[in-house]
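J.: Protein sequences appear in the order of chains A and B. Its first residue numbered 1, the first sequence is counted upward by one per residue in this note's numbering. Its first residue numbered 1, the second sequence is counted upward by one per residue in this note's numbering. Quick reminder that beta carbons are idealized off the backbone N, C-alpha and C, glycines included.
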Amino acid sequence: MIELKINGRSVLAEEGETILEVARKNCVEIPALCYLEDLSPWGACRLCMVELKGDIVAACSTQACNGMEVETDSLRVRELRRRIIEMLVSYHKCDVCKRIGKCELEHLARKHGIAVGEWVKEERKDSSSPSIEMDLANGILCGKCVRVCEERQTVGALCVGGRGSWSKVSTAFEMPVSETACVDCGQCSLECPTGAISEKSCEKEVEDALGSGKHMIVQAAPSIRVAIAEEFGFPPGTLSTKKMAAALRRMGFAKVFDTDFGADFTTVEEAHEFLEKLAQRKTPLFTSCCPAWVSFIEKFYPHLIERVSSTKSPMEIFGTLAKTYYAKKMKLDPKQIIVVMIAPCTAKKHEAERKEMKIDGMKAVDFVLTTRELGRMLKRRGIDWNLLPEEEFDSPLGESSGAAAVYGASGGVAEALLRTVSYIAGGDCGMEFQPLRGVNGIKEATVQLMGREARVVVAQTLGNARIILDEFLEGKRSIDLLEVMACPGGCLGGGGQPIPTNKEIRLKRAQALYEQDRLLPVRKAHENPALKRVYWEFLGEQFGKKSKELLHVERKR
Amino acid sequence: MGEKKIVSRNFNRIKPDSINDYLEVGGYEALKKARSMKREEVVEEILKSGLRGRGGGGFPTGRKWKLVLQEGGKEKFVIVNGDEGEPGAFKDREILEKNPHLLVEGAFIAAYAVGAEKIFFYIRGEYPFAQKLLKKAVVDAGDYSNGIKIEIRSGAGSYICGEETALLESIEGKRGHPRVKPPFPTKKGLWERPTLVNNAETLATVPEIVLEGGEWYSEIGNGEWKGTQLLSVNGAVEKPGVYEFEFGTSAEEVIETAGGVREEMGLKAVAPGASSPLVPARELSKKIEEIGGSGAFIVLSEEESIPEFCKSVAEFFFKESCGKCVPCRLGVMRLLEFAEKRCESGLNEIDFQDFLELSRVMEATSLCGLGKSACVLMKSALELFKEEFLRS
Ligand SMILES: Cc1cc2nc3c(=O)[nH]c(=O)nc-3n(C[C@H](O)[C@H](O)[C@H](O)COP(=O)(O)O)c2cc1C
Ligand code: SF4
Ligand code: SF4
Ligand code: SF4
Ligand code: FES
Numbered sequence: 001m002i003e004l005k006i007n008g009r010s011v012l013a014e015e016g017e018t019i020l021e022v023a024r025k026n027c028v029e030i031p032a033l034c035y036l037e038d039l040s041p042w043g044a045c046r047l048c049m050v051e052l053k054g055d056i057v058a059a060c061s062t063q064a065c066n067g068m069e070v071e072t073d074s075l076r077v078r079e080l081r082r083r084i085i086e087m088l089v090s091y092h093k094c095d096v097c098k099r100i101g102k103c104e105l106e107h108l109a110r111k112h113g114i115a116v117g118e119w120v121k122e123e124r125k126d127s128s129s130p131s132i133e134m135d136l137a138n139g140i141l142c143g144k145c146v147r148v149c150e151e152r153q154t155v156g157a158l159c160v161g162g163r164g165s166w167s168k169v170s171t172a173f174e175m176p177v178s179e180t181a182c183v184d185c186g187q188c189s190l191e192c193p194t195g196a197i198s199e200k201s202c203e204k205e206v207e208d209a210l211g212s213g214k215h216m217i218v219q220a221a222p223s224i225r226v227a228i229a230e231e232f233g234f235p236p237g238t239l240s241t242k243k244m245a246a247a248l249r250r251m252g253f254a255k256v257f258d259t260d261f262g263a264d265f266t267t268v269e270e271a272h273e274f275l276e277k278l279a280q281r282k283t284p285l286f287t288s289c290c291p292a293w294v295s296f297i298e299k300f301y302p303h304l305i306e307r308v309s310s311t312k313s314p315m316e317i318f319g320t321l322a323k324t325y326y327a328k329k330m331k332l333d334p335k336q337i338i339v340v341m342i343a344p345c346t347a348k349k350h351e352a353e354r355k356e357m358k359i360d361g362m363k364a365v366d367f368v369l370t371t372r373e374l375g376r377m378l379k380r381r382g383i384d385w386n387l388l389p390e391e392e393f394d395s396p397l398g399e400s401s402g403a404a405a406v407y408g409a410s411g412g413v414a415e416a417l418l419r420t421v422s423y424i425a426g427g428d429c430g431m432e433f434q435p436l437r438g439v440n441g442i443k444e445a446t447v448q449l450m451g452r453e454a455r456v457v458v459a460q461t462l463g464n465a466r467i468i469l470d471e472f473l474e475g476k477r478s479i480d481l482l483e484v485m486a487c488p489g490g491c492l493g494g495g496g497q498p499i500p501t502n503k504e505i506r507l508k509r510a511q512a513l514y515e516q517d518r519l520l521p522v523r524k525a526h527e528n529p530a531l532k533r534v535y536w537e538f539l540g541e542q543f544g545k546k547s548k549e550l551l552h553v554e555r556k557r
Numbered sequence: 001m002g003e004k005k006i007v008s009r010n011f012n013r014i015k016p017d018s019i020n021d022y023l024e025v026g027g028y029e030a031l032k033k034a035r036s037m038k039r040e041e042v043v044e045e046i047l048k049s050g051l052r053g054r055g056g057g058g059f060p061t062g063r064k065w066k067l068v069l070q071e072g073g074k075e076k077f078v079i080v081n082g083d084e085g086e087p088g089a090f091k092d093r094e095i096l097e098k099n100p101h102l103l104v105e106g107a108f109i110a111a112y113a114v115g116a117e118k119i120f121f122y123i124r125g126e127y128p129f130a131q132k133l134l135k136k137a138v139v140d141a142g143d144y145s146n147g148i149k150i151e152i153r154s155g156a157g158s159y160i161c162g163e164e165t166a167l168l169e170s171i172e173g174k175r176g177h178p179r180v181k182p183p184f185p186t187k188k189g190l191w192e193r194p195t196l197v198n199n200a201e202t203l204a205t206v207p208e209i210v211l212e213g214g215e216w217y218s219e220i221g222n223g224e225w226k227g228t229q230l231l232s233v234n235g236a237v238e239k240p241g242v243y244e245f246e247f248g249t250s251a252e253e254v255i256e257t258a259g260g261v262r263e264e265m266g267l268k269a270v271a272p273g274a275s276s277p278l279v280p281a282r283e284l285s286k287k288i289e290e291i292g293g294s295g296a297f298i299v300l301s302e303e304e305s306i307p308e309f310c311k312s313v314a315e316f317f318f319k320e321s322c323g324k325c326v327p328c329r330l331g332v333m334r335l336l337e338f339a340e341k342r343c344e345s346g347l348n349e350i351d352f353q354d355f356l357e358l359s360r361v362m363e364a365t366s367l368c369g370l371g372k373s374a375c376v377l378m379k380s381a382l383e384l385f386k387e388e389f390l391r392s
């Protein structure tokens, strides 16, 4: 233990902690635009500077020492900090940005009473990607996106390019981002302190479709209900499934359905697939519901693509059933149905575009809106979260099990699968799998299945996935089932989620999802009555001919 | 005080591309001597000598070596910093072109002393001839390598890559951005291994110290500054070139040695590169160690316009800032704006105040030495030659 003084108050710290970490623990606020706890220190924004007996140092990259006397708010610090903010805003454009009210730079400037200035740099927009949009000249070069992509995801699509004052975040050879290794996870857009990187918005397209007279149906992913209220100032982890349903209805959707419904199909189909692989000794099987993960395999480990489950993601299964089963049942022309997805995810925007997901030449899911886009659309409509009534999802694509609820958390898909797998195989390996829950980047469990031990591994973030894959390829790790979610915490920490999303917030959202699971009467996917009905009325056998045709895709190099 | 040749002793006396010439004047004897000593003893001699880094920082060389040596038996590296990006400095080039073996020998001694198995020479990209000579020297010195590997890397035309941590990034194949310190390179340098980074001149001084002993060296020089320094004297002097002076030599003596100020010209100031304050004519009694800088010595004549000179310096920093940290990336834009404004319309009192404010911010908050010192020269110019900046 170390003892030091922050603004005259004695505080304790661990050996090796930085001044910034100690200050935060003790509720002393220091602005820190380029700092992220899981990334290497960068030291570029210089806003975190503090005074140490006359010396100015960066709190994010200076270790706390015994007897240190730290001033975080001295006259000198305030003056210098103010100047730096002035510099930043005077080269920043604020007028046409999606981040209104949630830009850390704008926030800082307002707090310091600094007007946001004129635009002087060249434009450099990149809208080539289906998932993210970049206005990189507007970046403040905090380097977070570069480090997130490189360190958290080990993708390395972004870099810093240009010289001196004209430095900017860029891609190799200034290629359009769509031509880089980017896997669309959107973590860069989540961590960007300004609006320089954002989700590629399709708000306008959805607005237009809502006015087009087509049959508009909407599905919301498991992670939306525990996060959307944050956009209206409610605490993280506020479960608001019913208000969300009401809000979506007020936007003009004819039917408000649930991606959880699709998730139960993913679970059942993938459970059969897993058991088949296990029997044929063709494991490991990789989960397939995170499109960023699938792209990661395609781009970095193409020879492993056949390991990825052929089962479609919950969103795509929902879209498929909406344009086949539901259309038939409602006697609608599938071409007249528009499926809108509310996702915590930017990569889903790309998944929706994939050729292999089409049914009869139609996209199964027409538009994907992130949580943030939904928040903005609701606000534009003047929807007051407080005044919303509580409403239910519509039937028949609105019923689901607790297993679908936990899809939103890292480890949830594996847990849902195990609940069903043990039923199909006979026997019971349990309901809750604590070792697969929680914040660890890599989690493991062993279960008894078909008379043998099956190794289940769960990874969150692609950096951790890479570690697992490399160990697997070197023969150092045996795996039967591998679940990977590209985003920390799983989809509840997705690239399209409300800003800010951090460790504490992810934890709260996860708690809300697990709570929801506990309270549901049906907690196993195969017990969902709506699902049974669809197999009975339409699909026939589980993992049978028609299911395989509609709910699976071929994974090819 | 005055001129004294230690590093430059054999310049122009031996052929730079001939190892035999070098051997004839006692080349590689120091290396043999060093290898007959314990590593600790070699470091001790350097400590005793009082040698300080010639790359601009002036850090005691022996202390740096000791830090790397103490890092235990891990893989270690030595880097010879020959990036020499400071405007008006060309003394490291002189070493490379006049006696490359001296540098190779110094580097071998350093590698032995700290226990490194590989040496990187990082040489400015604009020095192709020097690189060629160095390559030959390295090949010819193969017999003396004792298994130590050598790799020569060419700089890619960026001033910041001379900063030691940006240099590390550059060798690792990344963009030349300075790293956050600590950890210092001595602990975590190249690929996180303990690394010794020394300026070329620093290492070229080492063989003589090993041969003659640290004590001998410590008796040369003045006060805290032991030994000699190479200066690249240029600008308005009769005989521009690289000269070696004992510390304690005054600016006046330097100019005299270089043949005095060019005919019919008065002297206005001396600029020790782009990152140190100007020395006005009335302060020529200043000693070279007080003037600082990293080996550049630019003599500005009466005819020189100080604001124009400041503008060229501002342009330099504007181009060479690495762009990583905010105060420097955006500060150098302001610096250039000030310098350009003066040339268009002259500055007023408010501009002066704004400029001082800018220089305070950059000095206090920039991440590395470039940003911290980018305003230094112009600030001194505004103090010393204020009338030249005023609106006329
Ligand atoms: C912007 C900047 C540029 C530098 N350029 C050089 C250079 O070209 N050559 C050099 O030897 N040191 C340069 N340095 C100093 C190095 O960081 C480092 O201190 C030096 O190489 C250490 O060697 P020494 O202890 O022998 O001086 C530079 C420093 C800064 C901040
Ligand atoms: S979306 Fe993900 S993969 Fe693409 S640039 Fe951003 S962080 Fe990298
Ligand atoms: S973890 Fe979820 S939110 Fe993140 S990319 Fe994958 S599917 Fe999208
Ligand atoms: S001070 Fe300038 S050169 Fe140094 S890190 Fe900052 S931007 Fe780069
Ligand atoms: S947070 Fe410390 S420099 Fe940016």
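Would you tell me roughly how many angstroms separate the C-alpha atoms of Q63 of chain A and V326 of chain B, rounded to the nearest one?
T.: As a first step, residue 63 of chain A is located in the first sequence; it is residue number 63 there, counting from the start. As a first step, residue 326 of chain B is located in the second sequence; it is residue number 326 there, counting from the start. Their Cα atoms are separated by approximately 22 Å.
J.: For C159 of chain A, go through chain B and note every residue whose CB falls closer than 8 Å to its CB, in chain order.
T.: For the purposes of this step, residue 159 of chain A is identified with residue 159 of the first sequence, where counting begins at 1. Residues of chain B passing the Cβ test: R175.
J.: So what's I224 of chain A in DSSP terms, helix, strand or just coil?
T.: Within the first sequence, residue 224 of chain A is the residue found at index 224, counting from 1. In the structure shown, I224 of chain A sits in coil (DSSP, three-state: anything other than H, G, I, E or B).
J.: For A465 of chain A, which residues in the same chain have their Cβ closer than 6 Å to its Cβ, ignoring the five residues on either side in sequence?
T.: Here the question's residue 465 of chain A lines up with position 465 in the first sequence. Result list for A465 of chain A: A459, V484, in chain order.
J.: Check whether the Cβ atoms of A560 of chain A and E390 of chain A lie closer than 9 Å to each other.
T.: Nothing in the structure corresponds to residue 560 of chain A, since chain A is present only between 1 and 557.
J.: Can you tell me whether V197 of chain B sits near ligand 1, meaning its C-beta is under 8 Å from at least one heavy atom of the ligand?
T.: For the purposes of this step, residue 197 of chain B is taken as residue 197 along the second sequence, with counting starting at 1. V197 of chain B: yes, Cβ under 8 Å from ligand 1.
J.: Report yes if the CB atom of P529 of chain A is closer than 9 Å to the CB atom of E399 of chain A, and no otherwise.
T.: Position 529 of the first sequence holds residue 529 of chain A. Position 399 of the first sequence holds residue 399 of chain A. Result yes, Cβ atoms of P529 of chain A and E399 of chain A sit closer than 9 Å.
J.: Taking Cβ positions, are V160 of chain A and G323 of chain B nearer each other than 9 Å?
T.: One-based indexing of the first sequence puts residue 160 of chain A at position 160. One-based indexing of the second sequence puts residue 323 of chain B at position 323. Against a cut-off of 9 Å, the Cβ pair of G323 of chain B and V160 of chain A comes out as a contact.
J.: Taking Y514 of chain A as part of the beta strand (DSSP E), name the residues at either end of that continuous run.
T.: The residue given as residue 514 of chain A occupies position 514 in the first sequence. Y514 of chain A -> not in any beta strand (DSSP E); alpha helix (DSSP H) instead, spanning 503-519.
J.: Please determine if the segment 178-190 of chain A and the segment 325-345 of chain B are in contact, where contact requires at least 3 C-beta pairs separated by less than 8 Å.
T.: No, they do not touch.
J.: Give the residues of chain A in contact with K324 of chain B, contact being defined as C-beta atoms less than 9 Å apart.
T.: The residue given as residue 324 of chain B occupies position 324 in the second sequence. In chain order: W42, G43, A44, L141, G143, V160, S167.
J.: Report the residue from B:Y243, B:F121, B:G248, B:G53 whose alpha carbon sits nearest the alpha carbon of K5 of chain B.
T.: Stepping through the second sequence from its first residue, residue 5 of chain B is reached at position 5. Measuring from the Cα of K5 of chain B, the nearest candidate turns out to be B:Y243.
J.: When we look at the beta-carbon of G403 of chain B and count the other beta-carbons within 10 Å, is it buried (16 or more) or exposed?
T.: Residue 403 of chain B falls outside the range modelled here, since chain B spans only 1 to 392, and no answer is possible.
J.: Output, in sequence order along the chain, the residues in the segment 363-392 of chain B whose CB is closer than 7 Å to any CB in chain A.
T.: The residues in question are A364, T365, L367.
J.: Which two residues bound the contiguous beta strand (DSSP E) that contains K15 of chain B?
T.: To locate residue 15 of chain B, count along the second sequence from 1; it is residue 15. Careful: K15 of chain B lies outside any beta strand (DSSP E) and carries neither H nor E.
J.: With 9 Å as the C-beta to C-beta threshold (strictly closer), list the residues of the segment 72-84 of chain A near chain C in chain order.
T.: The displayed structure is made up of protein chains A and B, and chain C is not among them.
J.: Do E133 of chain A and I197 of chain A have their C-beta atoms closer together than 9 Å?
T.: Walking along the first sequence from the start, residue 133 of chain A turns up at place 133. Walking along the first sequence from the start, residue 197 of chain A turns up at place 197. Cβ atoms of E133 of chain A and I197 of chain A: closer than 9 Å.
J.: For the segment 48-75 of chain A, which residues have a beta carbon sitting closer than 7 Å to at least one beta carbon of chain B?
T.: Flagged, chain order: M49, I56, S61.
J.: Check the Cβ-Cβ distances between D88 of chain A and every residue of chain B, and say whether any is below 9 Å.
T.: Your numbering for residue 88 of chain A matches position 88 in the first sequence. Position check: residue 88 of chain A holds Leu in this sequence, whereas Asp was assumed. So yes, L88 of chain A belongs to the interface.
J.: Quick check on the burial criterion: 16 or more other C-beta atoms within 10 angstroms. Buried or exposed for D517 of chain A?
T.: By 1-based counting over the first sequence, the position of residue 517 of chain A is 517. By the 10 Å Cβ count, D517 of chain A comes out buried.
J.: Using a Cβ-Cβ cut-off of 6 Å (strictly less than) and excluding sequence neighbours within five positions of G8 of chain A, which residues of its own chain qualify?
T.: Translated into positions along the first sequence, residue 8 of chain A becomes position 8. Nothing listed; no residue qualifies.
J.: Note down, in chain order, every chain A residue with its Cβ under 8 Å from the Cβ of G189 of chain B.
T.: Numbered from 1 along the second sequence, position 189 holds the residue referred to as residue 189 of chain B. The contacting residues do not exist; G189 of chain B stays about 15 Å from chain A at best.
J.: I'd like the span of the beta strand (DSSP E) that includes I197 of chain A, first residue to last.
T.: On the first sequence, residue 197 of chain A is found 197 positions in, with the first residue counted as 1. Counting along the chain, the beta strand (DSSP E) containing I197 of chain A begins and ends at 197-199.
J.: Please name the residue in A:Q153, A:R110, A:I442 whose C-alpha comes closest to that of F296 of chain A.
T.: Residue numbering aside, residue 296 of chain A sits at position 296 when the first sequence is read from its first letter. F296 of chain A has its Cα closest to that of A:Q153, out of A:Q153, A:R110, A:I442.
J.: Below 8 Å on C-beta distance, what does G331 of chain B contact in chain A?
T.: Position 331 of the second sequence, counting from 1, holds the residue named residue 331 of chain B. Correct list: M87.
J.: Does G355 of chain B get closer than 9 Å to chain A when you measure Cβ to Cβ?
T.: Within the second sequence, the letter at position 355 stands for residue 355 of chain B. One detail in the question is off: residue 355 of chain B reads as Phe in this sequence, not Gly. Closer than 9 Å: no.
J.: Closer than 6 Å by C-beta to E164 of chain B: which residues in its own chain qualify, once you throw out the five before and the five after it? Chain order, please.
T.: If you number the second sequence from 1, residue 164 of chain B lands on position 164. Taken in chain order, the residues that qualify are P185, V197.
J.: What does DSSP give as the partner residue(s) for V261 of chain B in the beta ladder?
T.: Residue mapping note: residue 261 of chain B aligns to position 261 of the second sequence, counting from 1. Beta-bridge pairing links V261 of chain B to B:V237.
J.: Put D135 of chain A into one of helix, strand or coil per three-state DSSP.
T.: Within the first sequence, residue 135 of chain A is the residue found at index 135, counting from 1. Correct three-state label for D135 of chain A: strand.
J.: Can you tell me which of A:A157, A:R124, A:E316, A:R83 puts its alpha carbon nearest to the alpha carbon of S167 of chain A?
T.: Mapped onto the first sequence, residue 167 of chain A falls at position 167. For S167 of chain A, the nearest C-alpha among the options comes from A:R124.
J.: Is there a C-beta anywhere in chain A that falls below 9 Å from the one on L96 of chain B?
T.: Position 96 of the second sequence holds residue 96 of chain B. Chain A, which has no Cβ nearer than 9 Å to the Cβ of L96 of chain B, makes this no.
J.: Per DSSP, F286 of chain A forms a beta bridge with which residues?
T.: Locating residue 286 of chain A in the first sequence gives position 286, counting from the first residue. DSSP output for F286 of chain A lists A:V308, A:L482 as bridge partner(s).
J.: Cα separation between C45 of chain A and L330 of chain B?
T.: The count along the first sequence starts at 1 and reaches residue 45 of chain A at position 45. The count along the second sequence starts at 1 and reaches residue 330 of chain B at position 330. One C-alpha to the other measures close to 11 Å.
J.: Would you mind reading off the limits of the beta strand (DSSP E) that contains T238 of chain A?
T.: Taking the first residue of the first sequence as position 1, residue 238 of chain A is located at position 238. Unbroken run through T238 of chain A: none, as it is neither H nor E.
J.: How should V96 of chain A be labelled, buried or exposed, when 16 other C-beta atoms within 10 angstroms of its C-beta is the threshold for buried?
T.: The residue labelled residue 96 of chain A in the question sits at position 96 within the first sequence. With fewer than 16 other Cβ atoms within 10 Å, it is exposed.
J.: When you compare the CB positions of S223 of chain A and G544 of chain A, do they come within less than 9 Å of one another, or not?
T.: Taking the first sequence and counting its residues from 1, one reaches residue 223 of chain A at position 223. Taking the first sequence and counting its residues from 1, one reaches residue 544 of chain A at position 544. Not a contact, by the Cβ cut-off of 9 Å.
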